[in-house]
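Before any comments, here is the structure.
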Amino acid sequence: MSERRELVIGHTVLGRPIEAVWFPPAGYAKPRPPALLFAAIHGDEPVSQLMLERLADELIERPPGRETWIVPVVNVDGLLAGTRNNANDVDLNRNFASATWGTQRRPGYNPGAAAEDQPETQAIVKLIDEVKPHRIITVHATYRMVNWDGCAEQLAKEMSERCGYPSQNDMGYPTPGSFGAKYGVEQNLEVITLESPYLMVDEAGWLETRSALRWCVDLPTD
Ligand SMILES: [Zn+2]
Numbered sequence: 020m021s022e023r024r025e026l027v028i029g030h031t032v033l034g035r036p037i038e039a040v041w042f043p044p045a046g047y048a049k050p051r052p053p054a055l056l057f058a059a060i061h062g063d064e065p066v067s068q069l070m071l072e073r074l075a076d077e078l079i080e081r082p083p084g085r086e087t088w089i090v091p092v093v094n095v096d097g098l099l100a101g102t103r104n105n106a107n108d109v110d111l112n113r114n115f116a117s118a119t120w121g122t123q124r125r126p127g128y129n130p131g132a133a134a135e136d137q138p139e140t141q142a143i144v145k146l147i148d149e150v151k152p153h154r155i156i157t158v159h160a161t162y163r164m165v166n167w168d169g170c171a172e173q174l175a176k177e178m179s180e181r182c183g184y185p186s187q188n189d190m191g192y193p194t195p196g197s198f199g200a201k202y203g204v205e206q207n208l209e210v211i212t213l214e215s216p217y218l219m220v221d222e223a224g225w226l227e228t229r230s231a232l233r234w235c236v237d238l239p240t241d
């Protein structure tokens, strides 16, 4: 059994804790930079929570091949309310302090009054500042693709081979202030946006992506 440590990394607008699960690497693992996986930054994509809860369950049975942080639900208030945005009606995936924040504003997308002014965004930013992950997987719905930014092209290809979803660099529309814009495009980290074709809680969402997600944390698929 692996060691599993749960930590509160921040609180939502409504004061709910945002929880992370931390796993140290297996004793035999080669030194590799940490991985961070987070989901449900959009509250109306509950399949993403299921996928990372299932991955965390597997990591309890067998430790990952690198230090791994999992945040199954970033937008806790939104998930409970069934809304994409947080309780301030901000789209958290437009709230990051990329150079493009607040530009190309499309109707229906609220990036916040200032970049990173939302507590959920701040919790993720602080975690990244402290943990310094090189590989970051963010799980969304419902495009069925492995979208990559920064230096993640090779990883996207490897994940694509394992889940059958196409690997793409372009979402097909501008995403100012998105996580991928800040940490992938600007900081050149290995950033993957895994888009599940499912939306609601559905085991198929996990089963289809299981080996791709295990690959990200260097856990062999048996
Ligand atoms: Zn989303």
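Going by my numbering, the first residue of the sequence shown is number 20, and it counts up by one from there. Backbone N, C-alpha and C fix where the C-beta goes; we use that ideal spot for every residue, glycine too.
In chain order, V66 place their CB closer than 6 Å to the CB of D221, counting only its own chain and leaving out the 5 sequence neighbours on each side. Look at the beta carbons and you see the stretch 124-136 not touching the stretch 178-187: under three pairs across the two are nearer than 8 Å. DSSP, read as helix, strand or coil, puts I211 in strand. With a cutoff of 7 Å, E139 does not count as near ligand 1, since its C-beta is closer than that to no heavy atom of the ligand. P36 sits away from A59, with the two beta carbons spaced by 8 Å or more. DSSP places D168 within a strand segment (E or B) once states are collapsed to three.
By the C-beta density criterion, A133 is exposed, having fewer than 16 other C-beta atoms within 10 angstroms. Within the same chain, Cβ atoms closer than 6 Å to the Cβ of R73 are found at W225, the five residues on either side in sequence being excluded. Taking 8 Å as the cut-off, the beta carbon of G34 is found no closer than this to the beta carbon of E139. Between ligand 1 and the CB of N166, the shortest heavy atom gap is not smaller than 7 Å. Taking the Cβ of A58 as the reference point, every heavy atom of ligand 1 lies at 7 Å or farther away.
Counting along the chain, the unbroken alpha helix (DSSP H) around R233 starts and ends at E222 to C235.
No Cβ-Cβ contact shorter than 8 Å links G46 with L98.
Scanning its chain for C-beta atoms nearer than 7 Å, with the 5 sequence neighbours on each side dropped, one finds around E177 the residues W234, in chain order.
The distance from the Cβ of R81 to that of L218 is about 29 Å, inconsistent with a contact at the 8 Å cut-off. With respect to N107, V32 sits close: the two C-beta atoms are nearer than 8 Å. Less than 8 Å divides the Cβ of E214 from the Cβ of A160.
E172 counts as exposed, since fewer than 16 other beta carbons sit within 10 angstroms of its beta carbon. At a cut-off of 4 residues, the continuous stretches assigned as alpha helix (DSSP H) that sit fully inside the stretch 47-124 are 65-80 and 95-100.
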